[in-house]
Amino acid sequence: MQTFTLTVPSRRALVALFGLIGSPACQPTAATTVSAAQRVAIADTLQGLLVHAYDLAQPGDPVARLMSLYPRAGTVVSASGGQVSTARDTLEAGIRAFWENVGRNMRNPRWTWGAMHVDVLAPDAAVLTTTYRVPHLTPRGEPHVIAGAWTAVFQRREGRWVIIQEHLSDAPAPMVMGATK
């Protein structure tokens, strides 16, 4: 039986050869690269979608408007309040319960967004992280604030951007108590 031993220069040559062959496989293709202009356009689109969906002055069904951010069918992973759900109907039930128990009872609400940090991952995928504050009056006229942080993973499906995963984190009560400005 014949054995082969690679000398140090031969090993280096072999490593270099595999590096040259494998290098193009690790590079992004033209289909996955995103130009600076595309990144700005995607970020603007996602920010606009959120601002529109959460505009409390808009007429119509607020639950339907909020649900327009999600796919019409399929899995949506949503984490908030220490719970994780994966069903769109569970998410919709949670949004509806929030609106019926809290949202519609807010007087003079002002939804304000913090800085929106958007990372475009691909031409059809992006993640957005932001904070929000909703100062308002309770039905008894007392000042109250709902606030938190939100990270949402968006994917473009059937020509529209939708949230496929999200995590909402409520701000601790001491941070929002009495802060109605």
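As numbered in the numbering used here, residues 76 to 256 make up the sequence shown, in order. Built from N, CA and C at the ideal position, the CB exists for glycine as well. Computed from a predicted model, the values in this text were never measured in an experiment.
DSSP places residue 124 in the uninterrupted alpha helix (DSSP H) bounded by 111-128. By a beta-carbon distance limit of 8 angstroms, residue 154 does not contact residue 141. Their separation comes to about 17 angstroms. Look at the beta carbons and you see the stretch 229-236 touching the stretch 110-124: at least three pairs across the two are nearer than 8 angstroms. Exposed is the label assigned to residue 115, since fewer than 16 other Cβ atoms lie within 10 Å of its Cβ. By the criterion of a C-beta distance shorter than 8 angstroms, residue 223 is surrounded in its chain by 206, 207, 243, 244, 245, 246, once the five residues flanking it on both sides are discounted. By the criterion of a C-beta distance shorter than 7 angstroms, residue 170 is surrounded in its chain by 138, 141, 142, once the five residues flanking it on both sides are discounted.
The beta-carbon distance between residue 214 and residue 131, rounded to whole angstroms, is 16 angstroms. This is too long to meet the 8 angstroms contact definition. Looking only at 178, 113, 193, the smallest Cα-Cα distance to residue 209 is reached by 178. The C-beta distance from residue 126 to residue 174 rounds to 18 angstroms, too long to fall under 8 angstroms, and the pair is not in contact. The closest CA to that of residue 186, considering only 220, 144, 196, is found on 220. Between residue 240 and residue 152, the C-beta spacing is below 8 angstroms. DSSP links residue 238 through a beta bridge to 229.
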